[in-house]
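Okay, structure first, notes after.
Number of protein chains: 2
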Amino acid sequence: MGDSLQPQLKVSFRKSIAMGPGKAALLDAISKNGSISAAARELGMSYRRAWILVNTMNNSFLSPLVETLTGGKRGGGARVTEFGEEVLYQYRSMEEKATKSVRTEMRRFAEYMRD
Amino acid sequence: MGDSLQPQLKVSFRKSIAMGPGKAALLDAISKNGSISAAARELGMSYRRAWILVNTMNNSFLSPLVETLTGGKRGGGARVTEFGEEVLYQYRSMEEKATKSVRTEMRRFAEYMRD
DNA sequence: CTGCGTTATATTTAACAAGATATAGCGATA
DNA sequence: TATCGCTATATCTTGTTAAATATAACGCAG
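So the protein sequences, as listed, match chains P and U.
Quick note: the first sequence uses our numbering, first residue 1, plus one each step.
Quick note: the second sequence uses our numbering, first residue 1, plus one each step.
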């Protein structure tokens, strides 16, 4: 999350952020890894933190974006729900649109800044 | 800064935010009030916090966005430079473009969320 | 030459966020 | 039924950030 010259799309819900760049990345990582803990490791954050982010998302939307299983052969796991994929897709789509809409202006704006 | 259903435009510079919604509002308030402390009072923040924001902005861009005076009949004051006005204008312009570009999608997205 | 309102900054204090650690439950599998 | 990896917390500690407080400099006005 270093220097970013693009708009950050954040969707707020009662003071907390329901969806943003970090949570979107986490959804991707969960989707890819099949568990919250593996996703957390990949992103270099604590399991606790990742779990809190998931919890916030699930509480902010009409139905859960992430479903979890405990126990079982591999201890359990987590998956992004159909609805979660849809939310993520819409978010990415908006992110791309917003970014493209100011691309050239952003480049010019960057020239105002130190390096 | 409650629930926002619009993209937040943040321009980062070496881990700190060079320009964002809060700093843009501060520039407006300084422009209007002619001093950092009056602007801070209007926005309900401490002088210290406002000063830090100004300092970050001034250090992030090629030249200062805010100029200050100490002493004098009214104790001193601050003004937004020509360059600062330009930066603010460009920022507002990008903000509006980005917002408009995802307006309809945002409305649909909002229906996914609890109320 | 004192008071005023502001910028500017240092220092201390408090609030909050993050991290570390611990523990329990789950259920397939061996 | 013991083991394993993961979810799901609770609790405690640490670290970071923000707020509060204090102080100095500035220069005009009285």
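All residues carry an ideal CB built from backbone N, CA and C; glycine is no exception.
Note that the coordinates shown come from a computational prediction; the quantities given were computed from them, not determined experimentally.
| query | result |
| --- | --- |
| Just the chain P side, please: which residues come within less than 9 Å of E105 (chain U) by C-beta, in chain order? | Q90, S93, M94, K97 |
| In this structure, what does DSSP give as the bridge partners for Q8 (chain U)? | P:Q8 |
| Quick check: A50 (chain U) and E67 (chain U), are their CB atoms within less than 8 Å of each other? | no |
| Residues of chain P with CB closer than 8 Å to the CB of A80 (chain U), please, in chain order. | The question names Ala, but residue 80 (chain U) is Val in the sequence shown. Under the 8 Å cutoff, chain P gives no residues; its nearest Cβ is about 14 Å from V80 (chain U). |
| Which same chain residues end up closer than 8 Å to S63 (chain U) when comparing Cβ atoms and leaving out the 5 residues on each side of it in sequence? | T81, F83 |
| Using only CA atoms, which one of P:A25, P:N59, P:M113, P:M94 lies nearest to G44 (chain P)? | P:A25 |
| Contact between the stretch 69 to 78 of chain P and the stretch 97 to 115 of chain P: three or more CB pairs below 8 Å? | no |
| For a minimum of 3 consecutive residues, which ranges assigned as the beta strand (DSSP E) are wholly contained in the stretch 32 to 91 of chain U? | 66 to 70, 76 to 80 |
| Go through its chain and collect everything with a Cβ distance to S16 (chain P)'s Cβ below 8 Å, but skip five positions before and after it. | T56, S60 |
| Nearest-angstrom Cα distance between Q8 (chain U) and G76 (chain U)? | 33 Å |
| Mind listing the chain P neighbours of V87 (chain U)? Cutoff is C-beta to C-beta under 7 Å, in chain order. | Y112 |
| Report the option in P:S37, P:M19, P:E105, P:F13 whose CA atom is closest to the CA atom of R74 (chain P). | P:S37 |
| Within this structure, are the beta carbons of S101 (chain P) and S101 (chain U) separated by less than 8 Å? | yes |
| Going by the beta-carbon positions, is the gap between M106 (chain U) and M106 (chain P) smaller than 8 Å? | no |
| Kindly list the residues whose CB is nearer than 6 Å to the CB of L53 (chain U), restricted to its own chain and excluding five residues on each side of it in sequence; keep chain order. | K23, L26 |
| Determine which residues share a DSSP beta bridge with M19 (chain U) and list them. | U:V11 |
| Does the Cβ of S35 (chain U) have 16 or more other Cβ atoms within 10 Å, making it buried, or fewer, making it exposed? | buried |
| Can you grab the Cα-Cα spacing for the pair Y89 (chain P) / N33 (chain U), in whole Å? | 44 Å |
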